[in-house]
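What follows is a set of notes on a single structure, which appears directly below.
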Amino acid sequence: MSTPAELPYLDYAATTPVDPRVAECMAAYLQRDGTFGNPASTHRWGQAAAACVEQAAAQVGALIGAAPDGVVWTSGATEADNLAVLGAARFVRERGRGNHVLSVRTEHPAVLGAVEQLRRDGMDVTLLTPSADGSVSVDQLGEALRDDTALVSVMHVNNETGAVQDIAAIGSLLREHRACLHVDAAQSAGRVPIRVEDWGVDLLSLSAHKLYGPKGVGVLWVRPRPRLRLSPLLHGGGQQGGLRPGTLAPHLIAGMGEACALADNAIEGEPPRLRRLRERFRKCVTDLDAVVLNGQPNGSPHILNVSFGCVNGDALRLDIEGLGVSAGSACSASNRGGSHVLRAMGVPDALAHSTLRVSFGRWTTETEVDTAAQCVVAAVRRLRAFSPSWRRYQGGASLDGMYGRNAPLAGVSGEQGEQQR
Amino acid sequence: MGLWGVALEHYHAPRNANGLTAFGDRVGRGCAGAVQSGVEVAFQVVASNDGRLAELRWECMGPPAAIAAASWLSEELRGVTPADAGSWTALAIGEVLHLPVESMSSVLVVEDALRAALAELEEHQRSGGSSS
Numbered sequence: 396m397s398t399p400a401e402l403p404y405l406d407y408a409a410t411t412p413v414d415p416r417v418a419e420c421m422a423a424y425l426q427r428d429g430t431f432g433n434p435a436s437t438h439r440w441g442q443a444a445a446a447c448v449e450q451a452a453a454q455v456g457a458l459i460g461a462a463p464d465g466v467v468w469t470s471g472a473t474e475a476d477n478l479a480v481l482g483a484a485r486f487v488r489e490r491g492r493g494n495h496v497l498s499v500r501t502e503h504p505a506v507l508g509a510v511e512q513l514r515r516d517g518m519d520v521t522l523l524t525p526s527a528d529g530s531v532s533v534d535q536l537g538e539a540l541r542d543d544t545a546l547v548s549v550m551h552v553n554n555e556t557g558a559v560q561d562i563a564a565i566g567s568l569l570r571e572h573r574a575c576l577h578v579d580a581a582q583s584a585g586r587v588p589i590r591v592e593d594w595g596v597d598l599l600s601l602s603a604h605k606l607y608g609p610k611g612v613g614v615l616w617v618r619p620r621p622r623l624r625l626s627p628l629l630h631g632g633g634q635q636g637g638l639r640p641g642t643l644a645p646h647l648i649a650g651m652g653e654a655c656a657l658a659d660n661a662i663e664g665e666p667p668r669l670r671r672l673r674e675r676f677r678k679c680v681t682d683l684d685a686v687v688l689n690g691q692p693n694g695s696p697h698i699l700n701v702s703f704g705c706v707n708g709d710a711l712r713l714d715i716e717g718l719g720v721s722a723g724s725a726c727s728a729s730n731r732g733g734s735h736v737l738r739a740m741g742v743p744d745a746l747a748h749s750t751l752r753v754s755f756g757r758w759t760t761e762t763e764v765d766t767a768a769q770c771v772v773a774a775v776r777r778l779r780a781f782s783p784s785w786r787r788y789q790g791g792a793s794l795d796g797m798y799g800r801n802a803p804l805a806g807v808s809g810e811q812g813e814q815q816r
Numbered sequence: 018m019g020l021w022g023v024a025l026e027h028y029h030a031p032r033n034a035n036g037l038t039a040f041g042d043r044v045g046r047g048c049a050g051a052v053q054s055g056v057e058v059a060f061q062v063v064a065s066n067d068g069r070l071a072e073l074r075w076e077c078m079g080p081p082a083a084i085a086a087a088s089w090l091s092e093e094l095r096g097v098t099p100a101d102a103g104s105w106t107a108l109a110i111g112e113v114l115h116l117p118v119e120s121m122s123s124v125l126v127v128e129d130a131l132r133a134a135l136a137e138l139e140e141h142q143r144s145g146g147s148s149s
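Respectively, the protein sequence lines represent chains A and B. Using the numbering used here, the first residue of the first sequence is number 396, and each one after it goes up by one. Using the numbering used here, the first residue of the second sequence is number 18, and each one after it goes up by one.
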């Protein structure tokens, strides 16, 4: 058995280490003789910093296929999601031009929480239930769309399952509709190509730390032409057009710009390499039998979400202690209630409990994948050796029969029962 | 999961797991829990000539505390009368093994499975004993 120190980090969907090239770029800003100016100042120190911010915006824009002047710097994707959802919906509502928001049950809590706030403020909210593989169809969205829909928010790649939504198709559905389209692309950036302007996306959230950049910085891209207007969350000195005031942090911004440039350079070769690693792990663990893949077989190349039947999730976690993967509900570690994403996809709670999210990244090697897969396989085999349900499974019982299915969730009109937080 | 000492040792090297295949008057078997709740336990108790428990075997799909409790009981109750074995409660097991409070619901399932096995043993011995 491997000791914890030898077990690899395969949780790149949670966060990524900063790329040394990004760190080097950032460090230059933190020196006494670095670009320390306030980008809002008009003297040369300020202008030097402003030029760096502008360059970083161009690097972000290049990665997502969007005009750099749409870039609004935030503290991360959570703030970007909140600014997009609350800002766009409130702006429209205050002018009496819409009172409905449409999103999906599998969204990140940053979107769901903001949407929940809109509901408390009196707006109508519809949360769509995805199909078993985590995807929502354009037809489903079209049916739920109303004349007074102000905002549609759909994430590109799901953070727990890696399920990819067809944003291009959703964008063309909305082309003839006044609702604006927000996309949380924190997980997809650098893994799946993003063409914001070709797809007709109005708002797009990004995070630097999912992309080998620093924590504490993100971007909300806001369509500049025709200009999309938002109600700001913060009020202050008018920076970034008053949309997100506060002195910009050039070292973080430059780091995010550099991270985006590196990701853009690798966008041809890196995704296929990640997909091979994902396949390698998948093959290894599915040999165990009674393993369920949550999400699409060809989802995002860097995330694999698998449930292991006939073992208890707490025991599985203890047996793989030291391995850098996420268990159960991946993105809400404090939430012991289980994964809202898997529940929305109809995965039974007990099965969702024995689920691992494994995610691969820039420094993941085949050896690491093998070590991790062997660790998981050994744990599952050991626990199944004395599991009564495993004995029944081998005797012909089915996972569906033993676990049951979750009660079907309310359809598109579901106005209640969204995750209470 | 907060296991330590004897409990952790039983968790990592469980004793008397599997082999629930004995049959006859001196055997009792019981199950408790459900896959849907993530905890399922089966116990098998075998009595010797003098009526004491000669062997206990178990299966468990459950959290670490339940696995540890089942394994520990299977050793601890050997040589004990069924009546004494039946007096063990989840609470007492949790105290002896210092099991975390939040895992006690799964230990209740272990208790239920053991009691069901002891009840079946008693029934078998009552009906089997009259014929011998």
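Beta carbons are placed, not taken as given, at the ideal position from N, Cα and C, and that holds for glycine.
For residue i, the three-state DSSP class (helix, strand or coil)
{"i": "A:D519", "result": "strand"}
{"i": "A:S721", "result": "strand"}
{"i": "A:S870", "result": "As displayed, chain A neither begins before 396 nor continues past 816, which places residue 870 of chain A out of reach and without an answer."}
{"i": "A:Y607", "result": "coil"}
{"i": "A:G641", "result": "coil"}
{"i": "A:Y407", "result": "coil"}
{"i": "B:L75", "result": "The displayed chain sequence assigns Trp, not Leu, to residue 75 of chain B. B:W75: strand per DSSP, three-state reduction."}
{"i": "A:V596", "result": "coil"}
{"i": "A:S548", "result": "strand"}
{"i": "B:G19", "result": "coil"}
{"i": "A:L688", "result": "strand"}
{"i": "A:S734", "result": "coil"}
{"i": "B:S144", "result": "helix"}
{"i": "B:E57", "result": "strand"}
{"i": "A:N700", "result": "strand"}
{"i": "A:S532", "result": "coil"}
{"i": "A:H630", "result": "coil"}
{"i": "A:C770", "result": "helix"}
{"i": "B:R46", "result": "strand"}
{"i": "A:C575", "result": "strand"}
Neighbour flag for residue i against chain B, beta carbons, 8 Å
{"i": "A:R797", "result": "Residue 797 of chain A is actually Met in this sequence, not Arg. Output row for A:M797: interface = yes."}
{"i": "A:F781", "result": "yes"}
{"i": "A:L820", "result": "The first residue shown for chain A is 396 and the last is 816, placing residue 820 of chain A beyond what the model contains."}
{"i": "A:C770", "result": "no"}
{"i": "A:V706", "result": "yes"}
{"i": "A:P621", "result": "no"}
{"i": "A:A745", "result": "yes"}
{"i": "A:S721", "result": "no"}
{"i": "A:S784", "result": "yes"}
{"i": "A:H735", "result": "no"}
{"i": "A:D709", "result": "yes"}
Cβ of residue i within 8 Å of any chain A Cβ
{"i": "B:N35", "result": "yes"}
{"i": "B:P31", "result": "yes"}
Candidates the options, of which the one nearest residue i by Cα
{"i": "A:V709", "options": "B:Q142, B:E119 and B:L135", "result": "Per the sequence shown, the amino acid found at residue 709 of chain A is Asp instead of Val. Ranking the options by Cα distance to A:D709, first place goes to B:E119."}
{"i": "A:F486", "options": "A:L536, A:L657, A:R622 and A:G719", "result": "A:R622"}
{"i": "A:C575", "options": "A:A722, A:L481 and A:S583", "result": "A:L481"}
{"i": "A:V417", "options": "A:H604, A:G508 and A:T544", "result": "A:H604"}
{"i": "B:R32", "options": "B:W75, B:D101, B:Q142 and B:A102", "result": "B:W75"}
{"i": "B:C77", "options": "B:E92, B:N35, B:V97 and B:G145", "result": "B:N35"}
{"i": "A:S351", "options": "A:Y798, A:G641, A:L713 and A:V617", "result": "The structure shown does not extend to residue 351 of chain A, since chain A spans only 396 to 816, so no value can be given for it."}
{"i": "A:V686", "options": "A:G704, A:N700 and A:I662", "result": "A:G704"}
{"i": "A:D795", "options": "A:L746, A:L568 and A:V533", "result": "A:L746"}
{"i": "B:E72", "options": "B:A102, B:V56, B:A83 and B:L125", "result": "B:A102"}
{"i": "A:S749", "options": "A:A767, A:E761, A:C770 and A:S721", "result": "A:S721"}
{"i": "A:V547", "options": "A:E555, A:R573, A:N553 and A:V559", "result": "A:R573"}
{"i": "B:W89", "options": "B:V44, B:G68 and B:L116", "result": "B:L116"}
{"i": "B:G22", "options": "B:S144, B:V127, B:V113 and B:E139", "result": "B:V113"}
{"i": "A:I589", "options": "A:A792, A:W785, A:T411 and A:G456", "result": "A:G456"}
{"i": "A:A451", "options": "A:G508, A:A656 and A:R515", "result": "A:A656"}
Could you name the residues of the region 76–104 of chain B whose beta carbon sits closer than 7 Å to any beta carbon of chain A, in the order they occur along the chain? E76, C77, M78, G79, P80, P81 and I84
Segment contact flag, the region 451–461 of chain A with the region 469–485 of chain A, C-beta cutoff 8 Å, min 3 pairs: no
Taking beta-carbon pairs under 8 Å, can you tell me which members of the region 39–65 of chain B lie near chain A? Contacts with chain A (Cβ-Cβ distance below 8 Å) from the region 39–65 of chain B involve C48, V52, Q53, S54, G55, V56, E57, V58 and A59, listed in chain order.
Counting only Cβ-Cβ distances shorter than 7 Å, please list the residues of the region 738–763 of chain A near chain B, keeping chain order. P743, A745 and H748
Touching or not, the region 414–432 of chain A and the region 637–655 of chain A, by the rule of three or more beta carbon pairs under 8 Å? yes
With a cut-off of 8 Å, do at least 3 Cβ pairs link the region 668–682 of chain A to the region 758–767 of chain A? Taking 8 Å as the limit for Cβ pairs, the verdict is that the region 758–767 of chain A does touch the region 668–682 of chain A.
Does the contact criterion of 3 or more C-beta pairs under 8 Å hold for the region 733–742 of chain A versus the region 554–565 of chain A? By the Cβ criterion, the region 733–742 of chain A is in contact with the region 554–565 of chain A, since at least three pairs of Cβ atoms, one from each stretch, lie closer than 8 Å.
Examine the Cβ distances between the region 443–454 of chain A and the region 578–596 of chain A and report whether three or more of them are shorter than 8 Å. no
Counting Cβ pairs closer than 8 Å, one from the region 608–622 of chain A and one from the region 694–702 of chain A, do we hit at least three? no
Any chance the region 521–541 of chain A sits against the region 677–691 of chain A, with 3 or more Cβ pairs inside 8 Å? Result yes; three or more Cβ-Cβ pairs closer than 8 Å.
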